Amino acid sequence: MPIALFFIALLLSFLMAIPALLHTAAGSIRWKGSWGYILDAFFRGAHAIDVFGNVAYATFLNDWFIRKGGYHYGAKGETISSATGRNWVAGGLTWIGLGLCGFLNWVDTDHCWKYIEGGNTGMAKPEPVKWPYIALFLTVTGVILSGLIWFWLWIFFLIMNMILLSDITLGLFPNSRVGEFDPYWKECFEYAQINTPQRVAMFLSQVGHECAGFTRFEENLNYSSVGLAKTWPGRYAKKDGMGRYEKSSGGYIPNDLAKSLHRSPEAIANLTYSNRMGNGTVASGDGWRYRGRGPKQITGKSNYREATRALWQLLGKDFVENPDLLLMPKYGLWAAVWFWKINRLNLYADKGDVSMATKIINGG
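The number in my numbering is simply the position in the sequence shown, starting from 1, with 901 added.
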């Protein structure tokens, strides 16, 4: 049904541009008689939008996308130009502009205003009895067509919402799986109020880093002993008799525990994440069961539990019982924006405080 309405609105937009086409074909022809001046005014209005209407629409788009942000997340001007440069988009804007402004200018040019005001223009006027019917027809038609046009614009901006953000993410993360998230950006970003250029930029940069540029959505715990010492020195780096970390040219020296866990991801997870973040003991296996998943790499049983509670009304999914759900783009992104929202990361995005945002995301 929405697709059918979309094409109906598109067809009507084309039909509304017919006066502009007639004007182009007629050239300098001037219509004669009382109706002729009305038609001439209509064509003049259609021609006006042909001359300056595209500038007005460009201003409107820039205001919508950049200054206000809106649902399009403050896309950059060059991105808008690229997207609206597509033939079907540019054509759609032109047809809508011609149709709408043509009808509005029909009753907004000097000819028609002088008719309405009853001034002596030296032109043939319609018979007085006809004008009320003309005005009524134009008013009713204008209201109906305005509603149809705004319906078309609503459909258009819903589509552009996906096109523009998809262009941005694909540009930032080429050769990635970021396109799999396209159906969910709008709803998820609205939920977390990620609705300004700064917030979008902070979210994409932070989350993009967590999931290796939208290429990996499950925590890689296949650490070497050296990697363990580097990542968690307090637990896996060797210390001397004074309690100081021992280092070599390659960094921290791994202790015996790190060496015993070399390239053992499940054992590493169970030991490293045990008795914290809501997880049980090493034997419970919670560390491995609730390892990092999704674009944000949600980690720990408590986070899986709280995400389930917060998003239950929206999703109806239990991430504690089914932690692998976060590997799916839809649920992984929802969990990511949930984490973003409860940790009030928009505040740090607005301030441009990358360090604090990074600290919160990495767990302090």
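Every residue gets a Cβ at the ideal spot worked out from N, C-alpha and C, and that includes glycine. Note that the structure is a prediction, hence the values are computed from the model and not measured.
- With respect to the 8 Å criterion, Glu1167 and Trp1133 are not classified as neighbours on the basis of their beta carbons.
- Residue environment: Glu1088 is assigned as exposed (fewer than 16 neighbouring CB atoms within 10 Å of its CB, all protein chains considered).
- Its chain contains Gln1107 as the residues whose beta carbon lies nearer than 6 Å to that of Ile1262, once the 5 sequence neighbours on both sides are disregarded; these appear in chain order.
- If only complete runs of 4 or more residues are kept, the stretch 1160 to 1204 shows the alpha helix (DSSP H) at 1166 to 1173, 1187 to 1190, in order along the chain.
- Looking at Met1143, Ser1165, Arg1206, His1163, the one whose alpha-carbon comes closest to that of Asn1180 is Arg1206.
- Under the three-state reduction of DSSP, Pro1075 is assigned to coil, being neither helix nor strand.
- Per DSSP, Glu1119 lies in no alpha helix (DSSP H) and is assigned neither H nor E.
- DSSP places Asp1251 inside the alpha helix (DSSP H), whose first and last residues are 1246 to 1252.
- Within a 10 Å sphere around the beta-carbon of Glu1091 sit fewer than 16 other beta-carbons, which makes this residue exposed.
- The DSSP-derived three-state label of Lys1218 is coil.
- Taking a contact to require three or more Cβ pairs closer than 8 Å, the stretch 1191 to 1208 and the stretch 1230 to 1243 qualify as touching.
- Relative to Arg1117, the option among Gly1217, Leu1228, Leu1158 whose CA is nearest is Leu1228.
- Of Val1079, Gly1144, Trp1213, the smallest CA-CA separation from Cys1112 is found for Val1079.
- Annotated three-state conformation of Lys1148 is strand, per DSSP.
- In the structure shown, Lys1139 falls within a coil segment according to DSSP collapsed to helix, strand and coil.
- Straight-line measurement puts the Cα of Gly1152 at about 45 Å from the Cα of Leu1216.
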